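First residue of the sequence shown? That's 1 in full-length UniProt numbering, and the numbers climb one at a time after it.
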Amino acid sequence: MKSSNDINHRNKEDDDNQPKKESGSPSTLDSRFNQTLKNVQGLLKGRSIPGKVLLTRRADPIDDSNMQDRSPSFGRSLSQNDAGTSDRMHNSMEVEDQNTSKPNNGSTNKLKSVTSNLENMPKEAQKSAMGTRSTDSARVMKFNKELSGPTVILERLRELAWSGVPPYMRPIVWRLLLGYGPPNSDRREGVLRRKRNEYLDCVAQFYDISDTERSEDEINMLRQIAVDCPRTVPDVTFFQQTRVQKSLERILYTWAIRHPASGYVQGINDLVTPFLVVFLSEYLEGSVDNWSISDLPPEKMSDVEADCYWCLSKLLDGMQDHYTFAQPGIQRLVFKLKELVRRIDEPVSKHIEEQGLEFLQFAFRWFNCLLIREIPFHLVTRLWDTYLAEGDALPDFLVYIFASFLLTWSDKLQKLDFQEMVMFLQHLPTQNWTHQELEMVLSRAYMWHSMFNSCPSHLAG
């Protein structure tokens, strides 16, 4: 039996690029949450703030010397549209602040109170495009400042990226967040060139060979990948181009051969697509729907492929047991999702249980493909800004994002029987979603994570 250690093919020099994370003590959760809420009150009270409100542990400028001691979870952002929600949010937060000293049975009511204030925004407020947050001039200046120094401070970059990255900055930011690009700017070009050449060597060794040199299992795996590539993001015509599908095939097969503990698992093909679109955006302009891969020189396509391969490897290194035999990591997270939904919204949880619907029947695909198949593709890269900003904490935070996603339709679900729920959850009405709906999902996820994370008693019966 192959060891799960086979999954790791990391270069020691690249491992040094990964930041060390420190998590706060669970005993300090309530006090930290109270402080977070007070900061929100101060930000909202008497102000007109379009877009989102940044939740941070302190109001004064960040001290570089203390950067390593800060919890990255407080770099997240709570989405709001404009001042039309400020008074409501302020009143709701006051109620929260008075009741967070200890967990009790009122937690669900508090959550519903906060969530209802997030959702019941005035129509005027809903007209603002929340996706513009990532491109407003102040945030662009902050990104430029962080990226222009000789060494990027990754925790600062994570805080900024959580709320969205300007599209033209995504390639460099994503490479840094994943630890593929070194924080030290002097080393970056050399490391990328070396890793890109290493990928080409792997392709020559494992992919560019005849079937006579492959085992039967390898032939079957390559055949399955070749079947899945044309099915990848079928509603985006760009991915139907032959050269794009061959690139996907090379990336996936090379990754699978070098990670024998899992091999290729259906769904990993979806995970390559955000990287492919982001790294191609350095060379192709306009909408992805109008891209033609024939416009790209072969050497540039090789660089893009290599970047996709290494970033996929870095991403999956943090969730290795999601794709090993029986996918135990995903099963564990689905159980956590079920428990979280039960704690947050007992009526819908009870209805799902009474109808005999198992969370694995719909949520397994969510965790397997990270929601890529559930939302419009043009929103995926924004969602992945938050994913990658979470770093090593991503698997656990996915539970909160997916709970927020599911409970978007809480009222609707309670009116459906088993068969209707199955059909509804397989074809969720997200085709007309904009950044606004996505930001609302992330906002609720942040709130619930702040209340429940590192506090298992909140999720106890």
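Backbone N, C-alpha and C define an ideal beta-carbon position, used for all residues, glycine too.
Since this is a predicted model, take the numbers as computed values, not measurements.
Quick test of your reading: residue i and residue j, contact by CB under 8 Å. State the CB separation rounded to the nearest angstrom.
| i | j | result |
| --- | --- | --- |
| residue 248 | residue 272 | 6 Å |
| residue 228 | residue 373 | Not a contact, Cβ separation roughly 13 Å. |
| residue 160 | residue 139 | 7 Å |
| residue 337 | residue 395 | The pair is not a contact, with the Cβ atoms about 12 Å apart (cut-off 8 Å). |
| residue 206 | residue 168 | Actually they do not touch by this definition, with Cβ atoms about 34 Å apart. |
| residue 261 | residue 324 | 6 Å |
| residue 186 | residue 150 | 7 Å |
| residue 291 | residue 376 | Between residue 376 and residue 291 the Cβ distance is about 17 Å, and since that is not below 8 Å, they are no contact. |
Taking 6 Å as the limit between beta carbons, can you name the residues of its chain near residue i, skipping five residues before and five after?
| i | result |
| --- | --- |
| residue 102 | Annotation note: pLDDT 38 at residue 102 (below 50); position unreliable, no value reported. |
| residue 306 | 196 and 199 |
| residue 276 | 308 |
| residue 448 | 400 |
| residue 156 | 146 |
| residue 379 | 438 |
| residue 311 | 178, 180 and 275 |
| residue 404 | 441, 444 and 445 |
| residue 171 | 278, 279 and 282 |
| residue 304 | 279 and 280 |
| residue 362 | 425 |
Over the uninterrupted alpha helix (DSSP H) stretch that includes residue i, give me the two end residues.
| i | result |
| --- | --- |
| residue 440 | 435–452 |
| residue 328 | 328–344 |
| residue 249 | 242–258 |
| residue 419 | 418–426 |
| residue 273 | 268–280 |
| residue 196 | 185–202 |
| residue 300 | 298–317 |
| residue 403 | 394–406 |
| residue 413 | 410–413 |
| residue 171 | 170–177 |
Would you mind sorting residue i into buried or exposed? The rule is 16 or more other CB atoms within 10 Å of its CB.
| i | result |
| --- | --- |
| residue 204 | exposed |
| residue 144 | exposed |
| residue 350 | exposed |
| residue 418 | exposed |
| residue 439 | buried |
| residue 421 | buried |
| residue 219 | exposed |
| residue 387 | buried |
| residue 426 | exposed |
| residue 287 | exposed |
| residue 344 | buried |
| residue 326 | exposed |
| residue 243 | exposed |
| residue 347 | exposed |
| residue 123 | Because residue 123 sits at a pLDDT of 41, beneath the cut-off of 50, its placement in the model cannot be relied upon, and the following sentence gives the value as read from the coordinates. Exposed. |
| residue 190 | exposed |
| residue 339 | buried |
| residue 313 | buried |
| residue 294 | exposed |
| residue 164 | buried |
| residue 182 | buried |
| residue 267 | buried |
| residue 212 | exposed |
| residue 158 | buried |
| residue 193 | exposed |
With H, G and I counted as helix, E and B as strand and the rest as coil, what does DSSP make of residue i?
| i | result |
| --- | --- |
| residue 432 | coil |
| residue 212 | helix |
| residue 232 | coil |
| residue 151 | strand |
| residue 381 | helix |
| residue 165 | coil |
| residue 224 | helix |
| residue 136 | coil |
| residue 325 | coil |
| residue 366 | helix |
| residue 294 | helix |
| residue 265 | coil |
| residue 352 | helix |
| residue 347 | helix |
| residue 373 | coil |
| residue 357 | coil |
| residue 465 | Nothing about residue 465 can be read from this structure; the chain reaches only from 1 to 461. |
Shorter than 7 Å, the distance from the beta carbon of residue i to the closest heavy atom of the ligand FAD, or not?
| i | result |
| --- | --- |
| residue 426 | This structure lacks the ligand FAD; in fact it carries no ligand of any kind. |
For residue i, which residues in the same chain have their Cβ closer than 7 Å to its Cβ, ignoring the five residues on either side in sequence?
| i | result |
| --- | --- |
| residue 330 | 322, 364, 367 and 368 |
| residue 398 | 333 and 367 |
Which residues in the same chain as residue i place their Cβ atom closer than 8 Å to its Cβ, once the five residues preceding and following it in sequence are excluded?
| i | result |
| --- | --- |
| residue 214 | 222 |
| residue 245 | 229, 230, 232 and 239 |
| residue 289 | 236, 237 and 238 |
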